[in-house]
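S.K.: Here it is: the structure, laid out below.
The structure is reproduced here in structure tokens:
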């Protein structure tokens, strides 16, 4: 079973994502900030990371930069309500940029696509 | 999919991002959560991180090295998250009086050097000439492959100029329409050519600037660096080929060397005199010949490509936005004098 780390500070939203992604057959580990995410990444092995950008403390872009210092090979999806961060070239450290929406189809498709790419590398 | 929308009163086109979830606070940085690119340890443009960029379009690299691997000196890659979706020009749409089209274009990034901290002023002149040759190559390729009407080459340096990453880079955005600023320059040049000078207005201006000398900052055999007579911004400079040329796509290899020298002179003087300011560098050149030949017959006689360098020293405020009238607190003659008299340290 593929293991996904979900970094999302809005608890209600993280619950929704967790349920939806588990229904898709993934194991989902949820954390609410960048520090906890880094702690998890140091200790556990993940197949993919989904992160919000705006979070209390270190933001998602700082988190991605720190992940790059630990492991460059984990696919990362930025999942944010804000499209303006696309102008920030630091987001290139991620593999996909998804704008939050009431439908999770785009996010689910990106997850499948990136996990497939990783497997066939 | 973003949209290009036309303001029918002014003829100005705007890229409207139509993606979901825009809120007012999209534009309000939350306290302590602004990306701190400069303090981050990872850079997607640095060697070793090639996998984090889309596959390269072209590169200058050591013989025997493979694309998207280290060994490059300059790389051109598509923008991973582009302002316009890649593709050929879309058809124009209308509804009532409104005109728009799908936001399709080309958005590329030129990573200018492997060194995260090496600015244009510090590059060997031959290396900068290679970057300027790449501008030419990409303009031609985008015009010929995608048929977009205008290829804008630009560089943002420093946060105040809109750069999100300090690793030296330029950008190219090709649009399916000719932007209003460019059209205004072309129409102005055409009017002066046909009704007044019977020669290119830029060539005429160059002649007079050489005679006066007050706004001339630097000159080599092929290019002049000037502070324009009606500069909008303090210490704005313009780099103009001395020999008439409308199309940057035709610049010779030899001239890219002379241009590199002039550009470095311009930027180095700004850096010394103004303590390394943020700046925007833009290329203005004739639109795609497939369009120019029909829309502006004879453009090769009256338009003259040039580079504009605008240091970010003042803020565009209400008066400028309301009127299009700029208030420049530094007369270009004074700016030129400062820039001309720059003393470079020998270290």
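Protein chains in written order, with the working numbering: chain A, 7 to 127; chain B, 34 to 380. Glycine included, C-beta positions come from ideal geometry on N, C-alpha and C.
#1: Are the CB atoms of residue 278 (chain B) and residue 329 (chain B) within a distance shorter than 8 Å?
#2: Consult DSSP for residue 366 (chain B) and reduce its assignment to one of helix, strand or coil.
#3: Of the choices B:247, B:84, B:112 and B:150, whose alpha-carbon is the least far from that of residue 99 (chain B)?
#4: Leaving out the 5 sequence neighbours to the left and right, which residues in its chain are closer than 6 Å to residue 63 (chain B) when beta-carbon positions are compared?
#5: Please identify, using Cβ separations under 7 Å, the residues of the region 82 to 107 of chain B that lie next to chain A, in order along the chain.
#6: So that I know if they touch, is there some Cβ in chain B lying closer than 8 Å to that of residue 7 (chain A)?
#7: Could one say the Cβ of residue 77 (chain B) lies closer than 8 Å to chain A's Cβ atoms, at least one of them?
#8: For a cutoff of 8 Å on Cβ pairs, would you count residue 97 (chain A) as touching chain B?
#9: Can you give, in chain order, each stretch of the beta strand (DSSP E) that sits fully within the region 43 to 83 of chain A and has at least 3 residues?
#10: So residue 90 (chain B) and residue 111 (chain B) are supposed to be a Cβ contact under 8 Å. How far apart are they, rounded?
#11: In chain B, which residues lie less than 8 Å from residue 31 (chain A) when you measure between Cβ atoms?
#12: Give the secondary structure of residue 108 (chain B) by DSSP, where H, G and I count as helix, E and B as strand, and everything else as coil.
#13: Can you grab the Cα-Cα spacing for the pair residue 186 (chain B) / residue 304 (chain B), in whole Å?
#14: Counting only beta-carbon atoms, is residue 147 (chain B) nearer than 8 Å to chain A?
#15: Which residues of chain B have a Cβ atom closer than 7 Å to the Cβ of residue 92 (chain A), listed in chain order?
#16: Check the Cβ-Cβ distances between residue 21 (chain A) and every residue of chain B, and say whether any is below 8 Å.
#17: Taking residue 50 (chain A) as the reference, which of A:71, A:64, A:40 and A:35 has the closest Cα?
#18: Shorter than 8 Å from the beta carbon of residue 50 (chain B) to some beta carbon of chain A?
#19: Is the region 303 to 322 of chain B in contact with the region 178 to 192 of chain B, if contact means three or more CB pairs nearer than 8 Å?
#20: Return helix, strand or coil for residue 268 (chain B), following the three-state DSSP convention.
#21: CB-CB under 7 Å to residue 133 (chain B), same chain, minus the five flanking residues each way: which ones, in chain order?
#22: Does chain B have any CB closer than 8 Å to the CB of residue 103 (chain A)?
#23: What's the gap between the Cα of residue 125 (chain A) and the Cα of residue 92 (chain B)?
#24: Secondary structure at residue 86 (chain A), three-state DSSP: helix, strand or coil?
#25: Give the interface partners of residue 198 (chain B) over in chain A, defined as CB-CB distance under 8 Å, in chain order.
#26: For a test of the three-state rule: what should DSSP assign to residue 82 (chain B), helix, strand or coil?
#27: May I ask you to report which of helix, strand or coil DSSP gives residue 115 (chain A)?
#28: For residue 7 (chain A) and residue 31 (chain A), I'd like the C-alpha separation in whole angstroms.
M.R.: Taking the definition as stated:
#1: no
#2: helix
#3: B:84
#4: Residue confidence is low: residue 63 (chain B) scores 47 on pLDDT, short of 50, so the model does not pin down where it sits. Its coordinate-derived value is still stated next. Counting only Cβ-Cβ distances below 6 Å, and skipping sequence neighbours, we find nothing.
#5: 85 and 86
#6: no
#7: yes
#8: yes
#9: 54 to 57
#10: 7 Å
#11: Those do not exist, as residue 31 (chain A) stays about 26 Å from chain B at its closest Cβ, beyond 8 Å.
#12: strand
#13: 22 Å
#14: no
#15: 114
#16: no
#17: A:35
#18: yes
#19: yes
#20: coil
#21: 36, 37, 38, 39 and 126
#22: yes
#23: 29 Å
#24: strand
#25: 94, 95 and 96
#26: coil
#27: helix
#28: 7 Å
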